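Numbering (my numbering), first residue to last: 161 to 637.
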């Protein structure tokens, strides 16, 4: 399997190893598989008896050539990645009152779904670095959970340095402390006085600095630009798992209700659908409703990021929407290049009519307001004695019919739970339900916190460049 740019101009398809260290491709796109492998209903029926780890191994083997990583090494790396999870099954489906199915994806090191792929991505990166005797610097933009997951899953890997930047005062207290209390030589944490999109734009400029990348070739990201994140975490694997555990008959459709921020989950849910899994993806956003507006009006328009009770979804432009458009266009790189170049240059674009029609038919979208999120937290607690985080609550709000754009469905549905409620005491307090405790959270209160501030007016790009050069010089001594 090789990987190609969504914008169609990258000269040579990349290997899996190359994809691990690639942020944006030479033409500004992101990587996708050259072909989407297919699975039939007989294969899905066989997979129905697999546990989550075994299912991940099956799916990874479709996309990672055994010539690059032997099947035994793939198996060992995936076992190592999931060895630190709190439950043997890694993820689990909670079946609550009145048919509410919640897929718990948050049993890893940092109590968030990001751990599912971050653990595997770190293991695969370390595998190749160890073979080559090389060092990798990852720049990570986080709206809440990605940064801490990158830190904790790479912390003990000496050939990886992590630079994490989070939006100051725009994430929960515990999300912040999960990053700022890790005091290690290979971890570098910055708080930026701006939105997630402000940080993302700075990092894009850094990553597109040809001179910098040429001098420091093993510079990349652990954000969902990284293809391996899409492969394992962002729901190819857990979309298949959700389907197999929710359906009574393999072949019958199941709705997957996804709290959407950067749209990585949606992109890979669509890949699973393209592979042949009978799933219907439903996107639920908070007030930052980019894709809902695209579906409704066929206008790609940048809007100011709104701070909400679900901070990990406070993203103005979901970077993986490019992957979504590429998939629905049938892999038309030229179309996607022209679309994205116009959007980036002008802040406005329209999908071609046939692509917009395909999007509307394929992806249902809805929006959960602040009040809907709070009501969903309250009702889920009252009816099932089950605490949910504010991001999960956007999906559950859809179940309760509280979202704008809600459509009834006769299909069984699985709602993705992206983080533990214990990480979001502020949201639980607003909803008036008991705070949830976790030893992983409690221990943070006593730890020293440290980070570097990126103030408005500072040259963020210059500061990041200097840190990257400093890390490279140290690593190459």
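Glycine is no exception: its CB is placed at the ideal position from the N, C-alpha and C atoms. Remember, predicted model here, so these are calculated numbers, not experimental data.
I believe residue i touches residue j by the beta-carbon criterion, under 8 Å. Please report the beta-carbon distance rounded to the nearest angstrom.
i	j	result
residue 352	residue 328	6 Å
residue 576	residue 263	5 Å
residue 391	residue 220	7 Å
residue 237	residue 283	4 Å
residue 312	residue 270	5 Å
residue 405	residue 265	Going by Cβ atoms, the distance from residue 405 to residue 265 rounds to 13 Å, so no, they are not a contact pair.
residue 315	residue 347	7 Å
residue 551	residue 579	6 Å
Here's the rule: buried if 16 or more other CB atoms are within 10 angstroms of the residue's CB, otherwise exposed. What is residue i?
i	result
residue 592	exposed
residue 605	exposed
residue 247	exposed
residue 230	exposed
residue 648	Coverage of the chain is limited to positions 161 through 637, which leaves residue 648 absent and any answer about it impossible.
residue 514	exposed
residue 478	buried
residue 272	buried
residue 464	exposed
residue 599	exposed
residue 125	Limits of the chain in this structure are 161 at one end and 637 at the other, which puts residue 125 out of reach.
residue 251	buried
residue 408	exposed
residue 367	buried
residue 172	exposed
Determine the direct distance from the alpha carbon of residue j to that of residue i, and round the result to whole angstroms.
i	j	result
residue 296	residue 181	8 Å
residue 224	residue 215	14 Å
residue 483	residue 360	17 Å
residue 213	residue 275	14 Å
residue 412	residue 438	7 Å
residue 489	residue 495	8 Å
residue 616	residue 355	11 Å
residue 631	residue 582	34 Å
residue 419	residue 256	19 Å
residue 193	residue 162	6 Å
residue 201	residue 226	25 Å
residue 625	residue 372	8 Å
residue 427	residue 195	15 Å
residue 222	residue 279	19 Å
residue 228	residue 557	43 Å
residue 589	residue 546	15 Å
residue 253	residue 369	44 Å
residue 188	residue 167	7 Å
residue 190	residue 501	14 Å
residue 518	residue 434	13 Å
residue 319	residue 508	41 Å
residue 291	residue 197	29 Å
residue 286	residue 621	27 Å
With DSSP collapsed to three states, give me the class of residue i.
i	result
residue 459	coil
residue 192	strand
residue 181	coil
residue 575	strand
residue 591	helix
residue 376	coil
residue 433	helix
residue 485	helix
residue 609	coil
residue 101	The displayed coordinates of the chain run from 161 to 637. Any statement about residue 101 would go beyond what the structure contains.
residue 359	helix
residue 467	coil
residue 204	helix
residue 272	strand
residue 564	strand
residue 238	helix
residue 262	strand
residue 224	coil
residue 229	coil
residue 410	strand
residue 174	strand
residue 509	strand
In the DSSP assignment, the beta strand (DSSP E) including residue i goes from what residue to what residue?
i	result
residue 255	252-255
residue 350	347-352
residue 443	439-445
residue 323	320-327
residue 601	Unbroken run through residue 601 is the alpha helix (DSSP H), 599-602; no beta strand (DSSP E).
residue 415	414-419
residue 298	296-301
residue 614	612-614
residue 163	163-165
residue 210	Careful: residue 210 lies outside any beta strand (DSSP E) and carries neither H nor E.
In the DSSP assignment, find the alpha helix (DSSP H) that holds residue i and state where it starts and stops.
i	result
residue 505	493-506
residue 313	306-314
residue 245	Premise fails: residue 245 is in no alpha helix (DSSP H) and is neither H nor E.
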